[in-house]
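I have placed the structure first, in the form of C-alpha cells, so that the comments after it can refer back to it.
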Amino acid sequence: MSDTPAIAATRVWLERAVIGLNLCPFARAPYVQRRVRFVESPATDVRALHDDLRAELERLRDTPAETVETTLLIHPHVLQSFLDYNDFLDLADALVEDLGLDGELQVASFHPDYRFADAEPDAIENHTNRAPYPILHLLREASIARVVDAIDDPDAIYERNIATLRRLGREGWNALWNDDAR
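Under our numbering, the letters of the sequence shown match residues 2 to 183, in that order.
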C-alpha cells in the first residue's frame, strides 16, 4: 500500500529536516529500523481527532517498542489554525493523564505555522517545530530517557538547532524542499 500524500510529505520532512539536519537526535534510529508508525487521521473536527489520538495512544501503549517506537499522527483536515492546535495540546496532555499514561507516553507538537511564544512569526527558529501538516508525535518516555542519558548535554539540543537553522537561513531551508536541486 502506498503512502497518502500527507504521509509521503511527512516522510520527506522527517528525512530532510528532522533527520537530515539532525534536529532530533532521537529520530534516526527508529526511522531506519522502521519503527515509526505514520497515521493519517481522517478527522474533520476536534472530537474525532481526540478519538483518533486516544486509539493511537492505546495502540502505542499496547505495542512493544521493538515493533513501534513512536507514532506520528498526521491530521491534515483539522486544527489548521496554530492557535486552535496549540489549545488542543492541553486536551492531548489531559488524555494522556486520563489514560494513566503520564510518565509512560507524551505528545510532542509540529504544525506548519508553529510559533514559539517569544519568536516573531517569520523567525527561522520556528522551523524546528514546523511540519508540512499538523502532527501529534506520540513518544515513549522511557525511550527519550535512554537517549537523553546517552547525550552529554541534552539541554543544548534546542540551542544547537537554532544555530543550525540560522546558519542554513531561509534560502537554505527552502532549498531542502527543491527536488530539482537534489
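By construction, the Cβ of each residue, glycine as well, lies at the ideal position given by its N, Cα and C atoms. Being a predicted model, the structure only gives us computed values, none of them experimental.
Point to revise | When 143, 56, 167, 178 are compared against residue 137, the one with the closest alpha-carbon | key: As a first step, residue 137 must be located in the sequence shown, where it is residue number 136. Closest option to residue 137, Cα to Cα, is 56.
Check your understanding: What's the C-alpha gap between residue 107 and residue 73?
Key -> Taking the sequence shown and counting its residues from 1, the one referred to as residue 107 is at position 106. Taking the sequence shown and counting its residues from 1, the one referred to as residue 73 is at position 72. Answer to the nearest angstrom: the Cα atoms are 12 Å apart.
Exercise for review: Find out if the Cβ-Cβ distance for the pair residue 69, residue 36 is shorter than 8 Å.
Suggested key: Mapped onto the sequence shown, residue 69 falls at position 68. Mapped onto the sequence shown, residue 36 falls at position 35. Residue 69 is a Cβ neighbour of residue 36, given a cutoff of 8 Å.
Check your understanding: Does the separation of the CB atoms of residue 20 and residue 29 fall below 8 Å?
Key -> Translated into positions along the sequence shown, residue 20 becomes position 19. Translated into positions along the sequence shown, residue 29 becomes position 28. If you check the CB distance, residue 20 and residue 29 come in under 8 Å.
Review point. Just how far apart, CA to CA, sit residue 84 and residue 173?
Key: For this step, residue 84 is matched to residue 83 along the sequence shown. For this step, residue 173 is matched to residue 172 along the sequence shown. Taken atom to atom, the span from the alpha-carbon of residue 84 to that of residue 173 is near 27 Å.
Review point. If you drop the 5 nearest sequence neighbours on each side, which residues of the same chain put their C-beta closer than 8 Å to that of residue 156?
Key: Along the sequence shown, one-based indexing puts residue 156 at 155. Within the same chain, residue 156 has no close Cβ partners at all.
Check your understanding: The beta strand (DSSP E) spanning residue 110 covers which residue range?
Key -> Along the sequence shown, read from residue 1 onward, the residue named residue 110 stands at position 109. Element bounds for residue 110: 106-111.
Review point. Does DSSP put residue 57 in a helix, in a strand, or in coil?
Key: By one-based count along the sequence shown, residue 57 stands at place 56. Three-state result, residue 57: helix.
Exercise for review: Give me the Cα-Cα distance between residue 117 and residue 34, rounded to the nearest whole angstrom.
Suggested key: In the sequence shown, counting from the first residue as 1, residue 117 sits at position 116. In the sequence shown, counting from the first residue as 1, residue 34 sits at position 33. Taking the straight line from one Cα to the other gives about 31 Å.
Point to revise | beta strand (DSSP E) runs wholly inside the region 19-43, at least 3 long, in chain order | key: Taking only runs of at least 3 residues, the beta strand (DSSP E) segments lying wholly in the region 19-43 are 37-41.
**Study point:** Range covered by the alpha helix (DSSP H) that runs through residue 158
**Key:** One-based indexing of the sequence shown puts residue 158 at position 157. From DSSP, the alpha helix (DSSP H) with residue 158 extends over 157-177.
Check your understanding: Going by beta carbon distance, what residues of the same chain come within less than 6 Å of residue 22, once the five residues before and after it are set aside?
Key -> Numbered from 1 along the sequence shown, position 21 holds the residue referred to as residue 22. Excluding positions up to five away in sequence, the list reads 165.
Check your understanding: What's the C-alpha gap between residue 152 and residue 146?
Key -> Within the sequence shown, residue 152 is the residue found at index 151, counting from 1. Within the sequence shown, residue 146 is the residue found at index 145, counting from 1. Distance between the alpha carbons of residue 152 and residue 146 is about 10 Å.
Review point. Do you know how far the Cα of residue 40 is from the Cα of residue 86?
Key: Here residue 86 corresponds to residue number 85 of the sequence shown, with the count starting at 1. Here residue 40 corresponds to residue number 39 of the sequence shown, with the count starting at 1. Roughly 18 Å separates the two Cα atoms.
Check your understanding: Do residue 44 and residue 79 have their C-beta atoms within less than 8 Å of each other?
Key -> Translated into positions along the sequence shown, residue 44 becomes position 43. Translated into positions along the sequence shown, residue 79 becomes position 78. In this structure, residue 79 lies closer than 8 Å to residue 44 by Cβ.
Check your understanding: Which two residues bound the contiguous beta strand (DSSP E) that contains residue 145?
Key -> Locating residue 145 in the sequence shown gives position 144, where the first residue counts as 1. Careful: residue 145 lies outside any beta strand (DSSP E), inside the alpha helix (DSSP H) at 142-151.
Practice item. Look at the alpha carbon of residue 94 and the alpha carbon of residue 53, and state the distance between them as a whole number of angstroms. Key: As a first step, residue 94 is located in the sequence shown; it is residue number 93 there, counting from the start. As a first step, residue 53 is located in the sequence shown; it is residue number 52 there, counting from the start. Our two residues, residue 94 and residue 53, have alpha carbons roughly 14 Å apart in a direct line.
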